[in-house]
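**Student:**
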């Protein structure tokens with residue numbers, strides 16, 4: 188009898204970096220460049236890259252508009268579904284002509300093909316086919332999946348694979364990497380909440396061979412990746428992520444998260460409550476969602492547009508992410524540095540913590556509350572995108 192699938196919710200505070208290294212030849216790539224002797228009877232593609240080059244493009248947070256498009260050339264059910272590089276799409280080489288519409292419209296977009304390692308020609312063949320279609324910024328990660336795992340990379344499963352596990356009641360522990368307030372709005376059925384900032388190894392199975400799959404809020408969210416690496420560091424041998432996460436699963440099942448409450452009209456903020464006035468903050472009323480710790484998204488958008496100086500906006504993403512684009516007047520304080528800088532935050536107006544998905548902003552607010560900091564603080568619980576160097580709510 189198969190054990191019921193369990194789902195655990197985990198969150199983490201660390202965001203992944205996006206630095207890119209130039210293409211380099213390692214010993215793996217050198218073997219391929221030598222003509223594939225001993226590694227498969229095929230013609231290697233002209234530009235080969237290694238793990239160090241690919242890692243920033245396949246490590247959450249992933250923005251497919253800004254990162255290279257990573258493409259898995261392997262068969263879908265047998266290979267891609269149970270384990271692919273995070274963020275990779277699947278364009279099966281034997282079905283290339285039928286699936287070529289998956290390629291980007293922009294022929295200058297960087298594309299990285301990979302498959303099952305040095306003995307696999309699928310990625311090389313796909314690269315040549317893409318080149319014939321006019322694409323000019325193509326690379327092949329010849330080491331592929333074996334090299335990714337050998338370097339400590341964690342693979343991602345697909346939505347179809349998650350559905351298969353659920354249908355089979357597979358003996359797997361599925362771990363959702365979002366904070367409680369986010370997970371409460373909607374989780375994959377059976378989810379159990381265990382935020383990573385309260386990571387409890389005792390709640391993981393005793394059997395280190397038990398399959399674990401971590402997920403969170405999609406490609407823009409790195410919480411599942413960080414949590415998965417923590418589990419791996421504890422000795423778990425079969426760890427995966429579901430990089431597309433809950434948004435993809437919900438969309439596939441036409442099941443959105445529980446609808447957010449309509450923005451309140453003039454709902455008093457904490458600053459307006461008796462005995463909790465803090466200078467000028469008492470004169471400015473923040474509109475919140477049903478959760479009074481969450482600022483109303485339409486209200487936030489309006490204030491940012493009309494008078495952002497009314498708020499202290501703290502972007503808790505990594506510095507390099509913040510530099511790529513943030514809100515007008517926002518201060519960039521990475522979550523890892525926030526505790527040491529809480530005392531220096533302005534106390535004369537409401538603070539709004541932001542990030543890319545709302546998850547790290549939620550943890551920043553938890554820290555603010557736990558440390559009993561004076562003043563009022565809110566969470567921007569929304570998915571944020573950066574366009575032309577400016578942050579905006581993703582519609």
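In this note's numbering, the protein residues as written are 188 to 582.
Where a beta carbon is used, it is the ideal one built from N, C-alpha and C, also for glycine.
Computed from a prediction, not measured in an experiment: that's the story for all the values here.
Helix, strand or coil for residue 283, going by three-state DSSP, please let me know.
**Tutor:** In the structure shown, residue 283 sits in a helix (DSSP, three-state: H, G or I).
**Student:** Taking residue 477 as part of the alpha helix (DSSP H), name the residues at either end of that continuous run.
**Tutor:** Here residue 477 belongs to no alpha helix (DSSP H), and DSSP marks it neither H nor E.
**Student:** Among residues of its own chain, excluding the 5 on either side of residue 310, which ones have a beta-carbon nearer than 6 Å to its beta-carbon?
**Tutor:** So the qualifying residues of the chain are 260, 300, 301, 302, 327.
**Student:** On the CB-based measure, 16 or more other CB atoms within 10 Å of its CB, does residue 536 come out buried or exposed?
**Tutor:** Classification of residue 536: buried, given that the 10 Å Cβ count is 16 or more.
**Student:** Does the beta-carbon of residue 407 have 16 or more other beta-carbons within 10 angstroms, so that it is buried, or is it exposed?
**Tutor:** Its Cβ being crowded by 16 or more others within 10 Å, residue 407 is buried.
**Student:** Give the DSSP-derived three-state secondary structure of residue 471 in the structure shown.
**Tutor:** The answer is coil: DSSP assigns residue 471 none of H, G, I, E or B.
**Student:** In whole angstroms, give me the CA-to-CA distance for residue 399 and residue 357.
**Tutor:** Each residue's Cα considered, the two are about 11 Å apart.
**Student:** When you compare the segment 340-360 with the segment 509-523, are there three or more beta-carbon pairs, one atom per stretch, that lie closer than 8 Å?
**Tutor:** No: fewer than three Cβ pairs fall under 8 Å.
**Student:** State the Cα-Cα distance for the pair residue 424 and residue 236, rounded to the nearest angstrom.
**Tutor:** Taking the straight line from one Cα to the other gives about 27 Å.
**Student:** Can you tell me which of the three DSSP states residue 307 falls into?
**Tutor:** Coil, per DSSP.
**Student:** Pull the bridge partners of residue 519 from the DSSP assignment, please.
**Tutor:** 502.
**Student:** Measure the C-alpha to C-alpha separation of residue 437 and residue 431 and round it to an integer number of angstroms.
**Tutor:** Each residue's alpha carbon lies about 10 Å from the other.
**Student:** Which first and last residues belong to the beta strand (DSSP E) in which residue 258 is found?
**Tutor:** That run of the beta strand (DSSP E) goes 256-259.
**Student:** Are the CB atoms of residue 245 and residue 257 within a distance shorter than 8 Å?
**Tutor:** Contact: yes.
**Student:** Measure the alpha-carbon distance for residue 253 versus residue 279 and round it to whole angstroms.
**Tutor:** Spanning the two alpha carbons is a distance of roughly 23 Å.
**Student:** Going by Cα to Cα distance, which pick from 480, 478, 496 is closest to residue 471?
**Tutor:** Nearest of 480, 478, 496 to residue 471, Cα basis: 496.
**Student:** In angstroms, rounded to a whole number, what distance separates the CA positions of residue 291 and residue 390?
**Tutor:** If I take the Cα positions, the gap works out to 42 Å.
**Student:** Using only alpha-carbon positions, find the residue among 289, 375, 561, 502 that is nearest to residue 346.
**Tutor:** Answer by Cα proximity: 375.
**Student:** List the DSSP bridge partners of residue 577.
**Tutor:** Residue 577 is bridged to 513, 574.
**Student:** List the DSSP bridge partners of residue 428.
**Tutor:** Its beta-bridge partners are 343, 401.
**Student:** Just reading off the beta strand (DSSP E) that residue 232 is part of, what are its end residues?
**Tutor:** Where residue 232 is concerned, there is no enclosing beta strand (DSSP E), given that its DSSP letter is neither H nor E.
**Student:** Could you check if residue 273 is buried or exposed, using at least 16 other CB atoms within 10 Å of its CB as the buried criterion?
**Tutor:** So residue 273 ends up on the buried side.
**Student:** For residue 657, report the span of its beta strand (DSSP E) as first-last.
**Tutor:** Absent from the structure is residue 657, since the part of the chain shown begins at 188 and ends at 582.
**Student:** When the distance is taken between beta carbons, is residue 382 closer than 8 Å to residue 405?
**Tutor:** Their beta carbons are not under 8 Å apart, which means residue 405 does not touch residue 382 by this criterion.
**Student:** Leaving out the 5 sequence neighbours to the left and right, which residues in its chain are closer than 8 Å to residue 334 when beta-carbon positions are compared?
**Tutor:** Within the same chain, residue 334 has close Cβ partners 215, 237, 238, 304, 328.
**Student:** Reducing DSSP to helix, strand and coil, say where residue 241 ends up.
**Tutor:** Looking at residue 241 - three-state DSSP - the assignment turns out to be helix.
**Student:** How would you call residue 575, buried or exposed, if buried means at least 16 neighbouring beta carbons within 10 angstroms?
**Tutor:** Result: exposed.
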